[in-house]
Amino acid sequence: MPPHSDLPLLERYRDLLAHLDETFAISLGEGATSLIHARRLGAELGLDRLYLKFEGTNPTGSFKDRGMVLAVNRAVAGGAEAVICASTGNTSASAAAYAAAAGIPCFVVLPAGKVARGKLAQALAAGARLVAVEGNFDDALEAVRQIGETGDAAVVNSVNPDRLEGQQTGAFEIVDALGSAPDAVALPVGNAGNITAYWAGFSRYADAGKTDGRRPRMLGFQADGAAPIVHGAPVAAPETVATAIRIGNPASWAGAVAARDESGGLIESVSDEAILAMQSRIARTEGIFCEPASAAGVAGVARLASEGRLHRSEVVVCILTGHGLKDPDIVVPDAAALTVPPDASAIREAMRR
Ligand SMILES: *Cc1c(COP(=O)(O)O)cnc(C)c1O
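Residue numbers (the working numbering): 17 to 369.
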């Protein structure tokens, strides 16, 4: 029997997460996200058993909440009086919410002008104190790490091991939902914490005897303009529409390479055009609106399927890492609707176009 999904995430998987003997005061109802059988998209791609794990239904709309709940609880238990993070957006939205619930300040260091508006709105709404830097995410993270060393605030980026510890729960939930590990798991790779955490999660679940011992191939996808792991060297000026994976020097680089190699998987890149086309295709075929970065993994799976590198009967799970509402500017054109007089015949006329 899988653990009961009504329990807070950290209680549900308490026995699997590194010796949790504390109690956790703060929960926003994270985790327990849906694993959706994507029948229509799967049929188009030639995959009968394609599943989408929609992390957009987490409390702040991305998977970041799975690790942030543990990081902030631990920071508070350890006496931290503030938290700080560098962020491409979702980390700050999550940190701000959990810090608010804990009643401590949250400081956010952002790359100026490169964060999606919905994510900024979330951090501001929760009272986070924002500092924009004239640099990219990698520069922001380096500065935050230095501030963390002074002890002024607890760093809740994924360099904090509690983040990746909590993110393993995504893997546990997939095995619980399917009854065994899938053949392959695809996800976008930015700072590479999530692919590292998923692989650790599948391994830990297998070692704990919760599965038949099988583990999936890990399929990671970067954006063409921000693909350091694919090229084997940092990218000084990463560029992509998928701001959540606009990272040139991933903090968990080694973890991602280990996940790829130990699982017999791969890390490749996809174009911004393929990412945006797949974001819209997922919404139009399955009704699920994810953010651009989330579509990178599915775009990669589409290519592998078309090249015969995935087989029709394989169980393939794509992690849709965040909600599309976070970045509405990407999809809403200035004149999205035809404007007509408010009468039935004019509207009927417009419906025919
Ligand atoms: C953080 C994030 C990613 C990238 O995850 P990493 O752990 O940094 O590789 C991808 N998609 C979304 C929506 C994110 O918030």
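Just so you know, even glycine gets a beta-carbon here, dropped at the ideal spot from N, CA and C.
All figures in this text were calculated on a predicted structure; none of them were measured in a lab.
- A Cβ-Cβ contact shorter than 8 Å links V99 with A169.
- With respect to the 8 Å criterion, G182 and V85 are classified as neighbours on the basis of their beta carbons.
- Shortest gap from the CB of T256 to any heavy atom of ligand 1: 7 Å or more.
- Of all C-beta pairs linking the stretch 316-334 to the stretch 63-75, three or more are shorter than 8 Å, placing the two stretches in contact.
- In this structure, K342 lies away from G47, with their beta-carbon atoms at least 8 Å apart.
- Between the stretch 115-123 and the stretch 220-230 there are fewer than three inter-stretch CB-CB distances shorter than 8 Å, so the stretches are not counted as touching.
- Proximity of the stretch 278-298 to the stretch 307-323 meets the contact definition, three or more beta-carbon pairs being nearer than 8 Å.
- With a threshold of 16 other beta carbon atoms within 10 Å, L354 falls short and is exposed.
- Annotated three-state conformation of S110 is helix, per DSSP.
- With respect to the 8 Å criterion, A111 and V172 are classified as neighbours on the basis of their beta carbons.
- Within 7 Å of the C-beta of A260 there is at least one heavy atom belonging to ligand 1.
- T76 is positioned such that its CB atom lies closer than 8 Å to that of A109.
- With contacts defined by Cβ atoms closer than 8 Å, S174 and A242 do not form a contacting pair.
- About 6 Å separates the Cβ atoms of D288 and A239, confirming a contact at the 8 Å cut-off.
- Spanning the alpha carbons of R369 and A352 requires a straight line of approximately 14 Å.
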